[in-house]
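Residue numbers (this note's numbering): 99 to 276.
Where a beta carbon is used, it is the ideal one built from N, C-alpha and C, also for glycine.
Remember, it's a predicted structure, so these values are computed and weren't measured experimentally.
Here the structure is laid out as structure tokens; the discussion comes afterwards.
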């Protein structure tokens, strides 16, 4: 066998011995074991090494007294923090993580906020001036039969609209395009 194939087979033999192979890999190793008697000897070596290693580790573990080990570990840990971090502390951590991991999203959000703060009032004023120009003034049908109230309505420049509230509480909307 070449060196690479030999290393791959050693890895497969070790995994085969430990029961870690898929059914397909297991079939490949079993076929190789039938064809090459030297592989069976290497598999036996893996079993012997594994048994020796397990016995050595168990022997060393038997020499150590593990009683109270978990208690000693827990005693070495800092006490749990009962208090919740302050709002400012949580905010600074959030801001730091946002700027560290989401730079482009944060920059985009900041840009959008600036645009809304600058352009928002300008658009608001422009739309309200245009709607004030198209608003109908005064009661159009005041005193009509069954009408108790005429409500002024904002419309676009090319549309007329009237909103009436009858004495019985019904609302009537009349819209007409120019």
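Contact with chain B by residue i, beta-carbon distance below 8 Å
i: residue 201; result: Of the protein chains in this structure there is only one, and it is not chain B.
Exposure of residue i, with buried meaning 16 or more beta-carbon neighbours within 10 Å
i: residue 111; result: buried
i: residue 220; result: exposed
i: residue 137; result: buried
i: residue 240; result: At residue 240 the pLDDT is 46, less than 50, meaning the model places this residue with poor confidence; the figure from the coordinates comes in the next sentence. Exposed.
i: residue 236; result: The predicted position of residue 236 is uncertain, since its pLDDT is 43 and thus under 50; a value taken from the coordinates is nonetheless stated next. By the 10 Å Cβ count, residue 236 comes out exposed.
The ligand COA heavy atom lying under 7 Å from the CB of residue i
i: residue 142; result: This structure lacks the ligand COA, and indeed carries no ligand of any kind.
Under the three-state DSSP convention, the category residue i falls into
i: residue 264; result: strand
i: residue 238; result: Low local confidence applies: a pLDDT of 44 at residue 238 is under 50, so the model's placement there is unreliable, with the coordinate-based value given in what follows. Coil.
i: residue 114; result: helix
Whole-Å CB distance - residue i paired with residue j, under 8 Å assumed
i: residue 196; j: residue 204; result: 5 Å
i: residue 141; j: residue 131; result: 7 Å
For the structure I just gave you, are there three or more beta carbon pairs, one from the stretch 143-151 and one from the stretch 112-119, closer than 8 Å? yes
Taking only runs that begin and end inside the stretch 190-233, name each unbroken alpha helix (DSSP H) of 4 or more residues, in chain order. 201-232
At 4 residues or longer, and completely inside the stretch 121-156: list those alpha helix (DSSP H) runs for me, N to C. 121-133
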